[in-house]
Amino acid sequence: MMTHLHQAQALFKEHLTIESLRHLDKLEKLTSGEEADQIGELWEVVMADADEAVLEQAREEGLI
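Using my numbering, read the sequence shown as starting at 2 and increasing by one per residue.
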């Protein structure tokens, strides 16, 4: 079984979409402790790699 962190990391193997960011947010909320911190750090990658339109949608939904 994949950990939440592994599931989160797998999201980055494909083009980031608003759906993948929603999934990342959900995984982060389901996790606690160090794993949650590591998932939280993935948001920095999102900010660097996601398309501006996806980032704007994520801001509107309160994901970032």
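In this text, a Cβ means the ideal position worked out from N, Cα and C, and glycines have one as well. What you are looking at is a predicted structure, and each value in this text was computed from that prediction instead of being measured.
For residue i, tell me which candidate among the options has the shortest Cα-Cα distance.
i: D26; options: D52, Q39 and K14; result: Q39
i: Q10; options: G34, S33, V47 and I19; result: V47
i: A59; options: E42, M3 and H24; result: H24
i: G41; options: E15, E20, E53 and I65; result: I65
Mind reading off the beta-carbon distance from residue i to residue j? Whole number of angstroms is fine, and I expect it under 8 Å.
i: E36; j: L6; result: 5 Å
i: L22; j: V55; result: 7 Å
What do you reckon, are the CB atoms on residue i and residue j nearer than 8 Å?
i: L28; j: D50; result: no
In this structure, how does DSSP classify residue i when only helix, strand and coil are distinguished?
i: D52; result: coil
i: G63; result: coil
i: S33; result: coil
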